[in-house]
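The sequence shown maps to residues 518 to 822 in the numbering used here.
Note that the Cβ used here is the ideal one computed from N, Cα and C, for glycine as well.
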Amino acid sequence: MLKLQFRDRRQEAVWLVDQTFTIGKNPSNSLMIDDESILDFHAEITNKIGQLSISNKASSPTLWVNNKLVESLIKLNAEDVIKLGRIELELIDPKALLNKTKTKKIQDKNLSNSWVIHSKASWLEQNIFPIESKVVIGRDPACDIALPLEYLSRKHLELEVRSGHLFIKDLDSSNGTFLNGQRITESEIKPGDKIKLDVLTFEVSGPSHDSNKTIIRTAPPKSAINTPQKPPITANKEAIAKKSPIKKQPRSKLAPEKKRLASNGKQDWISNKTSEKKPKKSKTSLILLAISAIILGITGLYFTP
Numbered sequence: 518m519l520k521l522q523f524r525d526r527r528q529e530a531v532w533l534v535d536q537t538f539t540i541g542k543n544p545s546n547s548l549m550i551d552d553e554s555i556l557d558f559h560a561e562i563t564n565k566i567g568q569l570s571i572s573n574k575a576s577s578p579t580l581w582v583n584n585k586l587v588e589s590l591i592k593l594n595a596e597d598v599i600k601l602g603r604i605e606l607e608l609i610d611p612k613a614l615l616n617k618t619k620t621k622k623i624q625d626k627n628l629s630n631s632w633v634i635h636s637k638a639s640w641l642e643q644n645i646f647p648i649e650s651k652v653v654i655g656r657d658p659a660c661d662i663a664l665p666l667e668y669l670s671r672k673h674l675e676l677e678v679r680s681g682h683l684f685i686k687d688l689d690s691s692n693g694t695f696l697n698g699q700r701i702t703e704s705e706i707k708p709g710d711k712i713k714l715d716v717l718t719f720e721v722s723g724p725s726h727d728s729n730k731t732i733i734r735t736a737p738p739k740s741a742i743n744t745p746q747k748p749p750i751t752a753n754k755e756a757i758a759k760k761s762p763i764k765k766q767p768r769s770k771l772a773p774e775k776k777r778l779a780s781n782g783k784q785d786w787i788s789n790k791t792s793e794k795k796p797k798k799s800k801t802s803l804i805l806l807a808i809s810a811i812i813l814g815i816t817g818l819y820f821t822p
């Protein structure tokens, strides 16, 4: 089932479900168009078993389909353009448009991971050109991308993908190849660069990632790092009980024994130290002291009056 849509989107699109669908300026028409170039009863669309046809109901030749004047009944198909006076309508298939949109999304997704050159020139039949390996652009029909433009050489330039990078090479063209406004012989292309061939400009789209760029991963939070944890120390009585008794090391003969405390609470080493400070007098010194005392005693008696 098709819809009739204004090309300038001035009104909502309408479904062509009626067996007879009339178009004109009069309000009694299935589709009323208030425009000076539209007649009261301008055209009629008939639907017979799903096949649409249109006929001119005006007295003057003011109806065209795909720029061809309609003189009698003519069949209609999706994407046909109907012109009444200065108003243009088009037949659309909503189901086909939906599938086309899905296909375009898939293509755009696939092209986002590859090299593509595209132009906004409306007069080009094809505006997007994927570059897979090596592509030659020129005026010659044998080129991979043939553009029938007089200012292009028969083989103008070459685009080549090497190890994920795109390179451009001018093939000794007469008018030259320009990359970002500068004439080049051979150069590497980056996404976003612009290739200009006289009045025609292509913009380059490339992979979203840079094959030369090192991917730096962010460090995980400390809590996420699996650090080995020491098992908790738990008292195991059975393990302690099974342990062999600790053997006492034999005391070395050279190691001095500790002094025991004396009965009076003093240690022997303190008394020994004190006795060392007062050495005992020898017998000879005692005899000399005794003799000195005797001599002093006798002398004292002798001089006593």
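(message) Between the alpha carbons of I662 and S680, how many angstroms are there, rounded?
(response) Each residue's alpha carbon lies about 22 Å from the other.
(request) Determine the closest residue to L590 out of V598, L580, D557, with distance taken between C-alpha atoms. (result) In terms of CA proximity to L590, L580 leads the group V598, L580, D557.
(request) Determine the contact status of I562 and L601, defining contact as a CB-CB distance below 9 Å. (result) No.
(message) Residues in the same chain with beta-carbon distance under 8 Å from K790, minus the five sequence neighbours each way, listed in chain order, please.
(response) Residue placement at K790 is flagged as unreliable, the pLDDT there being 48, under the threshold of 50; the coordinate-derived value follows with that caveat. When the five nearest sequence neighbours on each side are left out, no beta carbon in the same chain lies closer than 8 Å to the beta carbon of K790.
(message) Between which two residues does the beta strand (DSSP E) holding Q568 run?
(response) Run containing Q568: 568 to 573, per the beta strand (DSSP E) assignment.
(request) Please say whether E607 and R524 have beta carbons closer to each other than 9 Å? (result) With respect to the 9 Å criterion, R524 and E607 are classified as neighbours on the basis of their beta carbons.
(request) Could you say if the stretch 637 to 647 and the stretch 682 to 691 meet the contact criterion of at least three C-beta pairs nearer than 8 Å? (result) Between the stretch 637 to 647 and the stretch 682 to 691, the count of C-beta pairs closer than 8 Å stays below three; the two stretches do not touch.
(request) Under 8 Å by Cβ, that's how I've got S670 and R656 pegged, so tell me the actual separation to the nearest angstrom. (result) Sure, about 7 Å apart at Cβ, within 8 Å.
(message) For a cutoff of 9 Å on Cβ pairs, would you count N584 as touching chain C?
(response) Absent from the structure: chain C. Only one protein chain is present.
(request) Take K574 and list the residues in its own chain whose beta-carbon comes closer than 7 Å to its own, dropping the five residues that flank it on each side. (result) A distance below 7 Å between beta-carbons, with the five flanking residues on each side excluded, links K574 to the following residues of its chain, in chain order: F558, H559, A560, E561.
(request) Can you tell me which of the three DSSP states S792 falls into? (result) Caution is warranted here: a pLDDT of 47 is assigned to S792, below 50, making its placement in the model unreliable, and the coordinate value is therefore given only provisionally. The DSSP-derived three-state label of S792 is helix.
(message) Taking DSSP's pairing of strands, which residues face K600 in a bridge?
(response) In the DSSP assignment, K600 forms a beta bridge with W581, E605.
(request) Return the chain-ordered list of same chain residues with a C-beta closer than 8 Å to the C-beta of S650, the five sequence neighbours on each side being excluded. (result) If we look at S650 and ignore the five residues flanking it on each side, its Cβ neighbours are E677, V678.
(request) Determine, using beta carbons only, whether L674 and I706 come nearer to each other than 9 Å. (result) Contact: no.
(message) Given this structure, state the Cα-to-Cα distance separating S572 from S547, to the nearest angstrom.
(response) Each residue's Cα considered, the two are about 15 Å apart.
(request) With DSSP collapsed to three states, give me the class of P611. (result) P611: helix per DSSP, three-state reduction.
(request) For E529, write down the residues that DSSP places opposite it in a beta bridge. (result) According to DSSP, E529 bridges with nothing at all.
(request) Identify which residue in P658, E553, K520 has its Cα closest to the Cα of W532. (result) That would be K520, whose Cα lies nearest to the Cα of W532.
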